[in-house]
Amino acid sequence: MNFTVTSTRQTKALKVVVYGPEGIGKTTFANNFPQPVYIDTEGSTNFIDSQKLPDPTSWTMLLEELEYLKSTSGIARTIVIDTMDWAENLAKQHLMAKNNWDAIDASSYGTRYVALADEIGKLLNKLSELVELNYNVVLLAHSETKKHELPDELGAFDRYVLKLERRDASLVKEWADMILFANFKTTVITDSKTNSKKATGGQRVMYTTHKPTWDAKNRLGLADELPFDYEQIRVQLEQAMPQAEPVQQPVQAAVQPAPSQIQPQQVPPVQQEQVPLPEEPPQQQEVQMAPPENLPAREYTEEISAAIPQDVADLMRMSQLSTKDVMKLIYNAGFMPEGTPTENVPQDLWAYLVSKWDEALKFLNN
1 MNFTVTSTRQ TKALKVVVYG PEGIGKTTFA NNFPQPVYID TEGSTNFIDS
51 QKLPDPTSWT MLLEELEYLK STSGIARTIV IDTMDWAENL AKQHLMAKNN
101 WDAIDASSYG TRYVALADEI GKLLNKLSEL VELNYNVVLL AHSETKKHEL
151 PDELGAFDRY VLKLERRDAS LVKEWADMIL FANFKTTVIT DSKTNSKKAT
201 GGQRVMYTTH KPTWDAKNRL GLADELPFDY EQIRVQLEQA MPQAEPVQQP
251 VQAAVQPAPS QIQPQQVPPV QQEQVPLPEE PPQQQEVQMA PPENLPAREY
301 TEEISAAIPQ DVADLMRMSQ LSTKDVMKLI YNAGFMPEGT PTENVPQDLW
351 AYLVSKWDEA LKFLNN
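When we follow the UniProt record's numbering, the leftmost residue of the sequence shown carries the number 1, and every step to the right adds one.
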């Protein structure tokens, strides 16, 4: 068996995590990356000049937007999720609706936290696929302080950490090529006469290497501490980034499974096999269609009832479904008697429908 020996140094898109307290300027900082597009989970992009996808109102919608970016070229070179901790909240809501849980806690020997980590892992896998297509990925997150104890030392001390569940934070830190911790640098001055203390300073700085009191790392040889300004690291980042535009993933057609009914409390997972489209169009086809990324999206004209929750309405627009389609699904799946008004559909059923959206679409199309 023959193997090819290659160089370990590669020019590839970067996976960056930037975290810090609210108001430090994380969103503005990320806007300096090459041609960014935001996925705004917390509504923090209203005061910057940039571009973004529709704000995701559900975990399903967030994952679908990443799939859209995989099949569409020319939109951006950097994907910014703002913020990761609010995205984690969408994952929690998704699991709670899907499994009829009241909360994500340590019940059942921590299996709920494990399920949450699995969902975050799915997100990171999709982001890694986008990195392979030459998209840089920047995850923004808030920070919080937690007590930390070292196994070989007595006593505890405060550390700045990602505002995520412990397993999720570990996954994100392992996934990233670079972790930048931004903070306000302050100095405490003690008055020798009155013994009173006063904090001064407040400069915005970023830390690029690990310290006992925070997590940070970089692979570009950056200084340990720098002003929180993108220009301080622009040269090193752009030398490490690929200069080519992101590559569009080839369009594939999915083989639809046999029709199956959605159960009100449990929907079996549906496996899909991906097959490539034929290279040549049928001979009888005379009109050559434009590439998928150049086709304008069909305008959604229906005015959705206020009785339908916002996250359901967003998925309806994304999937081009009418209220009649959704109510037909609810009737045919046996959730509600036929003729039930939209206003009488319970909120927990709407939440369950969002958590099973992909299966619902397959059921509706069969």
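Note that CB positions come from ideal geometry on N, CA and C, so glycine has one too.
Expected contact under 8 Å - CB spacing of residue i and residue j to nearest Å
{"i": "Y352", "j": "A97", "result": "5 Å"}
{"i": "M84", "j": "A141", "result": "4 Å"}
{"i": "I104", "j": "K92", "result": "5 Å"}
{"i": "L53", "j": "E65", "result": "5 Å"}
Short Cβ contact (8 Å threshold) for residue i with residue j
{"i": "S143", "j": "Y19", "result": "yes"}
{"i": "T27", "j": "D82", "result": "yes"}
{"i": "L90", "j": "S58", "result": "yes"}
{"i": "V172", "j": "V17", "result": "yes"}
{"i": "N134", "j": "E245", "result": "yes"}
{"i": "M61", "j": "M318", "result": "yes"}
{"i": "S50", "j": "Y38", "result": "yes"}
{"i": "Y113", "j": "E165", "result": "yes"}
{"i": "F363", "j": "L349", "result": "no"}
{"i": "R77", "j": "N32", "result": "no"}
{"i": "A13", "j": "M241", "result": "yes"}
{"i": "A216", "j": "F181", "result": "yes"}
{"i": "R167", "j": "A223", "result": "no"}
{"i": "A30", "j": "V138", "result": "yes"}
{"i": "T213", "j": "D152", "result": "no"}
{"i": "T200", "j": "T186", "result": "yes"}
{"i": "I330", "j": "V345", "result": "yes"}
{"i": "A169", "j": "K15", "result": "no"}
Beta-bridge pairing of residue i - partner residues as DSSP gives them
{"i": "V138", "result": "V16 and V80"}
{"i": "E144", "result": "V161"}
{"i": "W214", "result": "Y160 and K211"}
{"i": "R204", "result": "F184"}
{"i": "D40", "result": "D82"}
{"i": "I104", "result": "DSSP output for I104 lists no bridge partner at all."}
{"i": "E129", "result": "DSSP output for E129 lists no bridge partner at all."}
{"i": "T190", "result": "K197"}
{"i": "K52", "result": "Y38"}
{"i": "E338", "result": "DSSP, once it has assigned bridges, lists no residue as partnering E338."}
{"i": "E359", "result": "None, per the DSSP bridge assignment."}
{"i": "I179", "result": "V17 and K217"}
{"i": "P227", "result": "V205"}
{"i": "E303", "result": "BP columns for E303 are empty, so no partner."}
{"i": "E149", "result": "A156"}
Distance, residue j Cα to residue i Cα
{"i": "K48", "j": "E338", "result": "For the sequence presented, residue 48 should be read as Ile rather than Lys. Computed Cα separation, rounded: 47 Å."}
{"i": "Y207", "j": "Q239", "result": "20 Å"}
{"i": "R219", "j": "N125", "result": "21 Å"}
{"i": "V235", "j": "L162", "result": "27 Å"}
{"i": "D314", "j": "A360", "result": "15 Å"}
{"i": "Y300", "j": "T323", "result": "12 Å"}
{"i": "K146", "j": "V188", "result": "21 Å"}
{"i": "I262", "j": "A333", "result": "With a pLDDT of only 49 at I262, under the threshold of 50, the placement of this residue in the model should not be trusted; the figure read from the coordinates follows. Distance between the alpha carbons of I262 and A333 is about 6 Å."}
{"i": "I308", "j": "T72", "result": "30 Å"}
{"i": "H148", "j": "Y160", "result": "10 Å"}
{"i": "V312", "j": "G25", "result": "32 Å"}
{"i": "K198", "j": "S108", "result": "48 Å"}
{"i": "P341", "j": "I79", "result": "40 Å"}
{"i": "L237", "j": "L123", "result": "24 Å"}
{"i": "P34", "j": "Q243", "result": "10 Å"}
{"i": "H94", "j": "H210", "result": "33 Å"}
{"i": "Q203", "j": "Q347", "result": "46 Å"}
{"i": "D40", "j": "G110", "result": "30 Å"}
{"i": "P264", "j": "S305", "result": "A caution first: P264 carries a pLDDT of 49, below 50, which makes its placement in the model unreliable, though a value can still be read off. Each residue's Cα considered, the two are about 23 Å apart."}
{"i": "N365", "j": "Q320", "result": "12 Å"}
{"i": "D358", "j": "M1", "result": "43 Å"}
{"i": "M327", "j": "E343", "result": "11 Å"}
{"i": "K356", "j": "A106", "result": "24 Å"}
{"i": "R9", "j": "Y230", "result": "24 Å"}
{"i": "G121", "j": "L63", "result": "12 Å"}
{"i": "P21", "j": "F228", "result": "13 Å"}
{"i": "D55", "j": "N195", "result": "50 Å"}
{"i": "G23", "j": "N46", "result": "14 Å"}
{"i": "I233", "j": "G155", "result": "37 Å"}
{"i": "T6", "j": "W101", "result": "49 Å"}
{"i": "T11", "j": "K70", "result": "20 Å"}
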